[in-house]
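Taken in order, these protein sequences are the chains called A, B and C.
Residue numbers for the first sequence follow the working numbering, so the first one is 1 and each next one is one higher.
Residue numbers for the second sequence follow the working numbering, so the first one is 175 and each next one is one higher.
Residue numbers for the third sequence follow the working numbering, so the first one is 815 and each next one is one higher.
Each residue gets a CB set at the ideal place from its N, CA and C atoms; glycine is no exception.
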Amino acid sequence: MGERITFAIAAAVALGSAVGVVTLKNPFRAAVSLIGTLLAVAVMFLLLAAPFVAAIQVIVYAGAIVVLFLFVIAYLGERPGRFEHDPMARYEVVGWIAVIALGVQGFIALANSRLAGIFDDPKATGDIGSPRAIGEAFTDPFVVSFEATSLVLLVAALGAVLLAKRAVLGEGGR
Amino acid sequence: MSDVALSGAYLGWFVLALPLLGAIVLALIPGEPSRALTRVIGVGSVAAAFVLVVSLFAQQLSNDAERRAGTSTLWTWVDLGSLQVDLKILVDPLSVLMMLVITGVGSLIILYSTEYMSHDRDYRRFFVEMDFFIFAMLVLVLAANFLFLIVGWALVGLASYLLIGYYHDRPSAVAAAKKAFVINVLGDIGLVLAAFLLVRQLGTLDFAEVFAKAPQGLGDGTFIAEMVALLLFVGAAAKSAQIPLHTWLPDAMEGPTPVSALIHAATMVTAGVYLIVRCNVLYELAPHMSDAVAVVGAVTLFVAATIATVQDDIKRVLAWSTVSQIGYMVMAAGLGLYSSGMFHFLTHAFFKAALFLAAGIVIHALHDEQSLDRMGGLKNHLKVAYFATAAGCLAIAGIPPFSGFFSKDEILAGAIEAGTLGKVLAGVGLVGAGLTAFYMFRLLFRAFHGPEPDGGYHETPHASGSAMAAPVVILAALATVGGFIQIPFVSHNLRDWLEPAITADPGIEAGHGQETLIIVLSLAVAAIGIAAAWWLFGSGPERRLARAQKLPRLRAFLLDQWRFDEVYEAAVVQPGRDLGDAGVRAGERGVGQGPVIAAEAVTGAGARILSRVENGLVRTYAMAVIAGAAIVGAILILAR
Amino acid sequence: MEGIPLACYLGVSGGLFLLGLFGVLTRRNPLLLLLAVELMLNSANVALVGFSRYWNVVDGQVFALVVMVVAAAEVVIGLGLVVAVFRQRLALDVDALSSLKG
């Protein structure tokens with residue numbers, strides 16, 4: 001029962017904060033709201049027997065990424081965009097229909113799923129979430145994807161440096 | 175790797191690889207390689223190939239006749255069920271003879287060009303293309319099946335195109351290159367069609383198998399055998415500049431002189447002769463086509479010789495003389511005198527290369543002056559060129575003991591033995607020999623004897639350096655003594671040597687009476703020709719200019735080269751152009767352009783509509799993706 | 815011991831995804847756009863880890879970690895672009911950045 005209560009609270013926080021993320025006008029508040037979602041998702045990971053992923057979620061996502069967001073928001077300051085007119089206005093209906101249609105389709109797909117026992121309590125689990133299990137998975141079957149991620153990070157780092165450098169040159173080396 | 179007999183046949187692959195490697199390495203050196211390095215690679219790769227060929231030749235010499243031919247297969251190239259084509263080379267006396275000339279004369283000429291081309295900006299490109307040509311030509315002669323042969327055939331055409339158009343900023347050179355390429359492709363088509371026929375009739379393209387199966391598969395004198403021979407001859411005639419496909423060769427003189435010497439005198443243009451000799455079995459099965467080949471050769475040798483008598487461009491004289499001499503070879507091959515044809519090929523490679531290279535020395539010394547009108551008295555300035563030209567002229571005119579005497583007389587003497595047709599053609603050949611002596615000594619006298627042209631030379635013609643002189647001297651020496659390998663009455667070394675390759679040799683043997691008759695007659699006509707040349711041209715231009723007024727229409731006809739180009743223009747090019755114009759008028763505007771305009775309107779309107787979708791707003795794109803996903807999802811759910 | 819069925823996690827995942835989608839479609843500030851994208855990536859992670867639990871294998875979690883790496887890379891580049899745009903003194907509006915249109 002405790003588990004279910006925990007899940008209910010986590011789900012409510014996650015979805016509630018997500019609504020905040022997409023509705024709040026102030027970027028700073030939206031980013032803080034995202035922290036709520038991320039932490040709630042981390043709790044769900046714990047419930048899903050994935051403590052390592054949960055830890056990474058807190059450290060990397062809620063820690064590093066959101067802090068980076070907040071840093072940039074603080075650096076840019078309050079700057080309203082040019083919101084005179086919305087060029088998207090006449091397509092907005094299509095967007096709404098598409099979003100709602102996707103939601104309905106997801107619901108139908110879930111309700112009609114043929115996967116056995118997705119509405120039942122899950123079976124007991126083995127050791128799939130410990131750092132040891134994940135480490136072994138990354139060193140044996142997924143070693144190529146592991147190396148690929150390192151390459152992605154390297155490229156991203158180089159790209160960020162290049163962008164920042166060009167930006168500095170663009171304003172005359174201020 | 176070697177299939178039979180000749181154990182060193184695999185060396186042929188290295189002979190092939192060396193010039194190709196030279197060309198590739200030279201082409202890929204980054205930056206501008208030093209001239210010394212270019213020379214070393216350009217000449218070295220071909221010279222190394224020559225050394226290999228000599229070693230192959232030595233191995234063949236030490237073997238007895240049955241073990242002088244061998245094949246070597248790298249891998250199966252095409253496997254189409256019943257038809258299998260291997261990447262296979264054939265090293266036999268015939269191909270080794272060709273390779274000796276290609277790499278030997280080739281390396282001499284490339285050595286010569288190191289100096290001849292020294293003023294050229296594109297030094298490297300020249301040697302890359304020359305090495306590539308040597309490679310292509312080696313593919314042609316080494317191929318052991320028709321498919322591989324066609325590859326070499328086409329590569330040689332490409333190399334020839336590149337080298338004729340070497341001075342690509344000169345429109346006439348580009349036009350000449352195009353002309354040569356188009357006519358050569360006509361020949362390629364003939365060759366390809368012949369290969370199709372062979373596949374259909376015999377189910378194989380391998381030389382050995384084709385020649386073994388041909389007597390049963392094609393039959394003797396049947397229509398299909400004649401067709402195969404005809405189509406092969408279309409290819410041979412285009413490469414060897416035989417009438418009516420000869421018009422490209424004189425224009426090909428737009429290329430640098432070493433190119434003319436190597437490709438358009440010594441090697442490539444003899445590929446047709448090689449093909450006929452190689453396919454001697456097929457030609458023995460097609461007696462009518464063989465006769466036709468011989469007639470074409472005889473007509474060519476006569477027409478070309480008459481044209482050569484009036485040309486004023488020193489290279490054009492040599493070009494027409496080449497056409498004429500190849501006519502002799504083709505005539506010999508058509509009459510079944512295969513080994514005599516190859517003998518003349520060998521001596522011709524020597525004396526014509528020597529003549530071209532000597533002409534190159536003259537042209538070089540006079541700063542690209544090619545007109546005989548502005549030459550004269552050069553024997554005092556250019557000793558090497560003079561003696562080489564003299565040796566070449568004596569050889570081509572058939573004066574003993576120079577090489578041309580032996581080979582030409584062997585053809586003519588053999589022709590007399592080859593039936594009535596042969597007797598007639600021998601007569602044509604004799605007339606041609608007289609004309610040959612006349613026009614060659616005309617060249618010699620006008621360029622080297624007599625007074626210097628009006629006003630003398632702007633600057634004294636400078637003698638060439640040793641890199642140009644040495645090859646000329648060597649080739650002139652070979653032109654002098656090269657004929658001794660096969661002397662009438664005494665020996666037929668070459669014929670014995672080629673016997674394994676020429677399996678269908680009809681064995682025409684000239685009697686002593688005929689030989690003596692031919693020797694006397696040909697010496698007589700040569701003497702008349704030389705005497706006439708001396709009388710007209712030996713002592714300055716006065717007598718020549720006086721005589722030029724006589725027979726103006728014949729002279730104009732010959733100067734226009736029998737008006738072949740004009741006839742082709744009227745018969746082929748202009749109708750084609752008219753047809754095209756008519757097509758434009760009738761079809762293009764109405765039938766052709768209607769759908770085009772409609773299609774343009776539709777696509778244009780579509781593009782204008784679609785380009786409004788590309789409005790640059792990222793969120794629109796995101797929305798399109800989402801809408802698409804929703805539609806796909808709906809379809810998946812509904813279709814369940 | 816009571817657990818939570820997979821369907822509940824998938825429901826949460828779908829909800830987060832749709833909210834993120836809604837954000838992507840409505841936001842014009844690139845910073846807020848990126849936040850919405852983060853939401854969508856997280857929803858995918860929830861589904862991945864949920865399935866990992868359902869099938870009782872580690873693969874889904876491994877994939878979730880890879881997604882996080884990609885998310886980090888995406889944020890770094892995205893924020894770099896935002897800063898670059900800002901330094902060019904342009905408005906922070908994705909609709910203003912449309913000079914690559916056809």
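**Prompt:** So who's on the other strand from Leu-264(B), going by DSSP bridges?
**Reply:** Counting from 1 along the second sequence, the entry for residue 264(B) is found at position 90. In the DSSP assignment, Leu-264(B) is bridged to Thr-245(B).
**Asked** Do you know offhand how far Gly-606(B)'s Cα is from Ala-221(B)'s?
**Response** Within the second sequence, the letter at position 432 stands for residue 606(B). Within the second sequence, the letter at position 47 stands for residue 221(B). Rounded to whole angstroms, Gly-606(B) to Ala-221(B) spans 36 Å at the Cα level.
**Message:** Using a Cβ-Cβ cutoff of less than 8 Å, which residues in the same chain neighbour Phe-615(B) once the five nearest sequence positions on both sides are dropped?
**Reply:** Sequence index remark: in the second sequence, residue 615(B) carries index 441 (1-based). So the list reads Cys-567, Ala-571, Gly-703, Ile-704, Ala-707, Trp-708, Phe-711, once near-sequence residues are dropped.
**Asked** By how many angstroms is the C-alpha of Ala-804(B) removed from the C-alpha of Ile-97(A)?
**Response** Reading the first sequence from its first residue, position 97 is the one you call residue 97(A). Reading the second sequence from its first residue, position 630 is the one you call residue 804(B). Rounded to the nearest angstrom, the two C-alpha atoms are 9 Å apart.
**Request:** For Val-838(C), decide whether its Cβ has a neighbour in chain B, counting only Cβ atoms nearer than 8 Å.
**Result:** Reading the third sequence from its first residue, position 24 is the one you call residue 838(C). Yes - at least one Cβ of chain B is within 8 Å of the one on Val-838(C).
**Asked** Can you give the Cα-Cα distance for Trp-671(B) and Ile-682(B), rounded to whole angstroms?
**Response** Along the second sequence, read from residue 1 onward, the residue named residue 671(B) stands at position 497. Along the second sequence, read from residue 1 onward, the residue named residue 682(B) stands at position 508. Their backbone Cα atoms lie some 16 Å apart in a straight line.
**Request:** Closer than 6 Å by C-beta to Ala-562(B): which residues in its own chain qualify, once you throw out the five before and the five after it? Chain order, please.
**Result:** As a working note, residue 562(B) is residue 388 in the second sequence. Non-local C-beta neighbours of Ala-562(B) in its own chain, meaning closer than 6 Å and more than five positions away in sequence, comprise Ala-528, Ala-532, Val-646, Ala-650, ordered along the chain.
**Request:** Could you tell me which of Ile-134(A), Ile-100(A), Ala-30(A), Leu-153(A) sits nearest to Gly-874(C), measuring between CA atoms?
**Result:** Residue 874(C) sits at position 60 when you count from the first residue of the third sequence. Comparing C-alpha distances from Gly-874(C) to each of Ile-134(A), Ile-100(A), Ala-30(A), Leu-153(A) shows the shortest one belongs to Ile-134(A).
**Item:** Those runs of the alpha helix (DSSP H) which lie wholly inside the region 554 to 639 of chain B and span at least 4 residues
**Value:** Segments of the alpha helix (DSSP H) lying fully in the region 554 to 639 of chain B: 557 to 571, 577 to 591, 593 to 622.
**Message:** Given this structure, state the Cα-to-Cα distance separating Ile-891(C) from Val-152(A), to the nearest angstrom.
**Reply:** Counting from 1 along the third sequence, the entry for residue 891(C) is found at position 77. Counting from 1 along the first sequence, the entry for residue 152(A) is found at position 152. One C-alpha to the other measures close to 11 Å.
**Message:** So with CB distances below 9 Å, who are the chain B contacts of Leu-835(C)?
**Reply:** Here residue 835(C) corresponds to residue number 21 of the third sequence, with the count starting at 1. What Leu-835(C) touches in chain B: Ala-796, Ile-800.
**Prompt:** Closer than 8 Å, CB to CB, is Arg-174(A) near chain B or not?
**Reply:** One-based indexing of the first sequence puts residue 174(A) at position 174. Note on Arg-174(A): pLDDT 44, under 50, position unreliable in the model; the coordinate value appears next. Proximity of Arg-174(A) to chain B, defined by a Cβ-Cβ separation below 8 Å, is not satisfied.
**Request:** Anything in the region 776 to 797 of chain B with a Cβ closer than 7 Å to a Cβ of chain C? List those residues in chain order, please.
**Result:** Contacts with chain C (Cβ-Cβ distance below 7 Å) from the region 776 to 797 of chain B involve Ser-785, Glu-788, Asn-789, Gly-790, Leu-791, Val-792, Arg-793, Ala-796, Met-797, listed in chain order.
**Sub-8 Å separation of Ala-368(B) and Leu-406(B) beta-carbons** = Taking the first residue of the second sequence as position 1, residue 368(B) is located at position 194. Taking the first residue of the second sequence as position 1, residue 406(B) is located at position 232. Using a Cβ distance threshold of 8 Å, Ala-368(B) and Leu-406(B) count as a contacting pair.
**Prompt:** Helix, strand or coil: which one does DSSP assign to Asn-454(B)?
**Reply:** As a working note, residue 454(B) is residue 280 in the second sequence. For Asn-454(B), the secondary structure class from DSSP, reduced to helix, strand or coil, is helix.
**Prompt:** For Gly-395(B), is the classification buried or exposed, using 16 other Cβ atoms within 10 angstroms of its Cβ as the cut-off for buried?
**Reply:** Taking the first residue of the second sequence as position 1, residue 395(B) is located at position 221. So Gly-395(B) counts as exposed.
**Message:** With a threshold of 8 Å, are at least 3 pairs of Cβ atoms found where one atom belongs to the region 362 to 380 of chain B and the other to the region 405 to 422 of chain B?
**Reply:** They touch, by the three-pair rule.
**Prompt:** In the DSSP assignment, what are the bridge partners of Ala-317(B)?
**Reply:** What you label residue 317(B) is simply residue 143 of the second sequence in a count that begins at 1. Beta-bridge pairing links Ala-317(B) to Ile-263(B).
**Message:** Below 8 Å on the Cβ atoms is my contact criterion, and I expect Ala-318(B) with Phe-381(B) to pass it. Report the Cβ-Cβ distance as a whole number of Å.
**Reply:** Position 144 of the second sequence, counted from the start, is the residue given in the question as residue 318(B). Position 207 of the second sequence, counted from the start, is the residue given in the question as residue 381(B). Your pair Ala-318(B) and Phe-381(B) checks out as a contact, with CB atoms roughly 6 Å apart and the cut at 8 Å.
**Prompt:** Taking only beta-carbon atoms, is Leu-820(C) less than 8 Å away from chain A?
**Reply:** Translated into positions along the third sequence, residue 820(C) becomes position 6. So, interface residue.
**Asked** Can a CB atom of chain C be found closer than 8 Å to the CB of Leu-38(A)?
**Response** For the purposes of this step, residue 38(A) is taken as the residue at position 38 of the first sequence. At a cut-off of 8 Å between C-beta atoms, Leu-38(A) counts as an interface residue with respect to chain C.
**Asked** So, does the CB of Gly-20(A) fall closer than 8 Å to a CB anywhere in chain B?
**Response** Locating residue 20(A) in the first sequence gives position 20, where the first residue counts as 1. Any Cβ of chain B closer than 8 Å to the Cβ of Gly-20(A) would place that residue at the interface, and such an atom is absent.
**Message:** Within 8 Å of any Cβ in chain C, is that where the Cβ of Pro-122(A) sits?
**Reply:** As a first step, residue 122(A) must be located in the first sequence, where it is residue number 122. Yes, because at least one Cβ of chain C sits closer than 8 Å to the Cβ of Pro-122(A).
**Close beta carbons around Val-259(B), own chain, < 7 Å, minus the five adjacent residues each side** = As a first step, residue 259(B) must be located in the second sequence, where it is residue number 85. Sequence-distant Cβ neighbours of Val-259(B) in its own chain, meaning closer than 7 Å and more than five residues away, are Trp-251, Val-252, Asn-319, Leu-321, Leu-379.
**Prompt:** How would you label Arg-174(A), buried or exposed, when you count the other beta carbons within 10 angstroms and need 16 or more for buried?
**Reply:** Taking the first sequence and counting its residues from 1, one reaches residue 174(A) at position 174. Below a pLDDT of 50, predicted positions are generally treated as unreliable, and Arg-174(A), at 44, falls in that range; the measurement from the model is reported next regardless. Taking all protein chains shown into account, Arg-174(A) has fewer than 16 neighbouring C-beta atoms within 10 Å of its C-beta and is therefore exposed.
**Message:** Quick check: is the beta carbon of Gly-159(A) nearer than 8 Å to any beta carbon in chain C?
**Reply:** As a first step, residue 159(A) is located in the first sequence; it is residue number 159 there, counting from the start. Under the 8 Å criterion on CB atoms, Gly-159(A) is classed as interfacial with respect to chain C.
**Asked** When you compare only the Cα positions, how much space is there between Ala-232(B) and Leu-282(B)?
**Response** As a position in the second sequence, residue 232(B) is number 58, starting the count at 1. As a position in the second sequence, residue 282(B) is number 108, starting the count at 1. In a straight line, the C-alpha of Ala-232(B) is about 21 Å away from that of Leu-282(B).
**Message:** Does the CB of Tyr-61(A) have a neighbour CB from chain B at under 8 Å?
**Reply:** Counted from its first residue, the first sequence places residue 61(A) at position 61. So, not an interface residue.
**Request:** Please determine if the region 836 to 851 of chain C and the region 897 to 910 of chain C are in contact, where contact requires at least 3 C-beta pairs separated by less than 8 Å.
**Result:** Look at the beta carbons and you see the region 836 to 851 of chain C touching the region 897 to 910 of chain C: at least three pairs across the two are nearer than 8 Å.
**Message:** Just to confirm, is the Cβ distance from Thr-125(A) to Arg-867(C) under 8 Å?
**Reply:** Position 125 of the first sequence, counted from the start, is the residue given in the question as residue 125(A). Position 53 of the third sequence, counted from the start, is the residue given in the question as residue 867(C). Annotated as proximal: Thr-125(A) and Arg-867(C), with beta-carbon spacing under 8 Å.
**Message:** Does any residue of chain A have a CB that is nearer than 8 Å to the CB of Val-897(C)?
**Reply:** Reading the third sequence from its first residue, position 83 is the one you call residue 897(C). True, the Cβ-Cβ gap to chain A drops below 8 Å.
**Asked** Below 8 Å between beta carbons: does that hold for Ser-498(B) and Ala-523(B)?
**Response** Residue 498(B) sits at position 324 when you count from the first residue of the second sequence. Residue 523(B) sits at position 349 when you count from the first residue of the second sequence. No, these two residues do not count as a Cβ contact at 8 Å.
**Prompt:** In this structure, does DSSP put Asp-755(B) in helix, strand or coil?
**Reply:** Position 581 of the second sequence, counted from the start, is the residue given in the question as residue 755(B). Helix, per DSSP.
**Prompt:** Ordered along the chain, which non-local residues of its own chain (more than five positions away) have a Cβ less than 7 Å from that of Phe-619(B)?
**Reply:** Indexing the second sequence from 1 puts residue 619(B) at position 445. Excluding sequence neighbours, Phe-619(B) sits near Ala-707, Trp-708, Phe-711, Gly-712.
**Prompt:** Alpha carbon to alpha carbon, what distance is there between Ala-589(B) and Pro-193(B)?
**Reply:** Position 19 of the second sequence, counted from the start, is the residue given in the question as residue 193(B). Position 415 of the second sequence, counted from the start, is the residue given in the question as residue 589(B). Approximately 39 Å, taken between the alpha carbons.
**Message:** If I follow the unbroken alpha helix (DSSP H) through Arg-901(C), where does it start and stop?
**Reply:** Position 87 of the third sequence, counting from 1, holds the residue named residue 901(C). Looking at the DSSP string, the run of the alpha helix (DSSP H) that includes Arg-901(C) is 873 to 901.
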